[in-house]
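If you read the sequence shown in full-length UniProt numbering, its first letter stands for residue 1, the second for the next number, and so on.
From the three backbone atoms N, C-alpha and C, an ideal C-beta is built for every residue, glycine too.
These notes are about the structure you will find just below.
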Amino acid sequence: MHKEEEACLDAMIFSGSHVFPLVLHTAIELNLFEIIANAGPAAYVSASEIASQLPTTNPYASSILDRILRLFATHSLLSYSSRTLEDGRTEKLYWLTPACKFFLGTEEEGNIAPTSALAYHRATLEVWLHMKDVILEGGNLFKKFHGMSTFEYTSKDPEFNTIFNQAMAALSTFIMNGILAIDKGFEGLTSPVDVGGGTGGTLNMIISKYPSIKGINYDLPHVTQSASPYPVKDIQVMIMEGKERTAREFEALIRAAGFINFRVACVAHGIRALKESYK
């Protein structure tokens with residue numbers, strides 16, 4: 001392929017890059033990965049077999065599903081093989097790749113699937129259509145569109161609040177399982193404080209592994225009032241807007257606050273870092 005043709009193809013892929021995450025969200029909503037997983041550890045399934053387990057009367061459902069599954073296969077989210085039917089037609093069969101397990105974890109294991117519901121909730125999705133306004137005028141993107149911060153909005157919209165907390169709880173469980181499996185930094189602690197701890201899931205995991213710990217969970221009233229009764233102490237406080245930082249920026253922030261010995265204690269799942277410092 002000529003370089004100019006490659007560049008054109010790249011441009012077309014970039015312009016349609018919004019399609020994959022939206023299709024992935026659809027797959028999560030329809031529990032497609034669960035349906036495939038339930039077929040058995042070595043079973044490949046067809047789009048028509050998956051469609052038969054969905055509450056649909058759409059005669060074209062299997063055809064649409066096959067296009068979705070083929071898209072996933074091109075991104076190595078699914079593997080596939082082919083079989084020839086009695087009428088001579090070829091049918092593709094699909095199975096899960098290792099990446100899919102991160103959409104399938106139990107409540108105790110945690111997974112990243114609930115974050116899709118948060119990312120594609122109308123309150124979140126509509127905000128991105130106004131990103132140019134923030135670049136040109138400044139301000140917080142969510143607050144600029146909704147007139148309030150994300151956390152203020154959760155107190156006004158019960159549905160969004162539930163989805164937000166479920167996403168944070170599932171993601172926190174997923175991350176903490178990875179951290180607790182490789183890091184021993186919580187040994188010997190007596191009263192850790194989880195600032196912005198949501199419904200207390202992260203703190204509960206820590207004290208479940210280290211029962212001698214008495215934890216304190218800080219968050220907003222409308223968050224903690226729906227939290228499960230973990231053996232921790234809830235104190236309500238406002239959470240500030242977040243910011244992405246490099247390790248050096250974190251170190252500068254920590255040292256400016258009077259802490260010493262900043263270090264990245266461990267990195268779970270190749271991306272989630274646990275940072276330590278002392279005062």
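For residue i, the three-state DSSP class (helix, strand or coil)
i, result
"Y278", "strand"
"A39", "coil"
"E86", "coil"
"R272", "strand"
"F262", "strand"
"residue 308", "No information on residue 308 is available, as it lies outside the stretch 1 to 279 that the chain covers here."
"N111", "coil"
"M240", "Residue confidence is low: M240 scores 35 on pLDDT, short of 50, so the model does not pin down where it sits. No coordinate-derived value is stated."
"I213", "coil"
"D157", "coil"
"R77", "One detail in the question is off: residue 77 reads as Leu in this sequence, not Arg. L77: coil per DSSP, three-state reduction."
"G200", "coil"
"L189", "coil"
"S17", "coil"
"residue 282", "The chain is shown from 1 up to 279; residue 282 falls before or after that span and cannot be answered."
"D183", "coil"
"R70", "helix"
"A252", "helix"
"A257", "coil"
"H2", "coil"
"S208", "helix"
"T26", "helix"
"G105", "coil"
"N177", "helix"
"L65", "helix"
"L32", "helix"
Close Cβ partners of residue i (< 8 Å) along its chain, the five nearest in sequence each way excluded
i, result
"P229", "Low per-residue confidence applies at P229: pLDDT is 47, beneath 50, and the placement is therefore not dependable, though the value from the model is reported in the following sentence. Around P229: no qualifying Cβ."
"H75", "F20"
"Y80", "Y44, L69, R70, A73, K92, L93, Y94, W95"
"P192", "F186, L203, I206, I213, G215, I216"
"L253", "R245"
"T97", "S76, L77, L78, S79"
Neighbour-count burial assignment, residue i, 16 or more Cβ in a 10 Å radius
i, result
"N261", "exposed"
"W95", "buried"
"C100", "buried"
"A114", "Looking at the sequence shown, residue 114 is not Ala but Pro. Answer is buried; the Cβ neighbour count reaches 16."
"T173", "buried"
"T154", "buried"
"E5", "exposed"
"M176", "buried"
"A27", "buried"
"F14", "exposed"
"G215", "buried"
"A181", "exposed"
"Y57", "The question names Tyr, but residue 57 is Thr in the sequence shown. T57 comes out exposed."
"L171", "buried"
"I235", "Unreliable placement is indicated for I235, whose pLDDT of 32 sits below 50; no coordinate value is reported for it."
"residue 283", "Since the first residue of the chain shown is 1 and the last is 279, residue 283 is not available in this structure."
"G138", "exposed"
"H2", "exposed"
"L85", "exposed"
"S63", "exposed"
Which residues DSSP lists as bridging residue i, in chain order
i, result
"E91", "R83"
"S46", "L93"
"D194", "N217"
"V267", "A273"
Beta-carbon contacts of residue i that lie in its chain and below 6 Å, excluding the five residues immediately before and after
i, result
"I239", "Since pLDDT at I239 reaches only 28, below the 50 mark, its modelled position is unreliable, and no value is offered."
"Y120", "H25"
"H269", "G178"
"S149", "K143"
"E107", "none"
Close-in-space but distant-in-sequence residues of the same chain around residue i (CB under 7 Å, 5 per side omitted)
i, result
"E29", "none"
"L65", "A47, I50, A51"
"L118", "T124, I163, F164, A167"
"residue 304", "Outside the shown range of the chain (1 to 279) lies residue 304, about which nothing can therefore be said."
"A39", "V45"
"N111", "F102, F103, L104, G105, A170, F174"
"G258", "K279"
"E251", "F262"
"A247", "V264"
"I35", "I50, Q53"
Unbroken alpha helix (DSSP H) runs of length 4 or more, entirely within the region 114–171: which are they?
114–119, 122–128, 131–137, 141–146, 150–156
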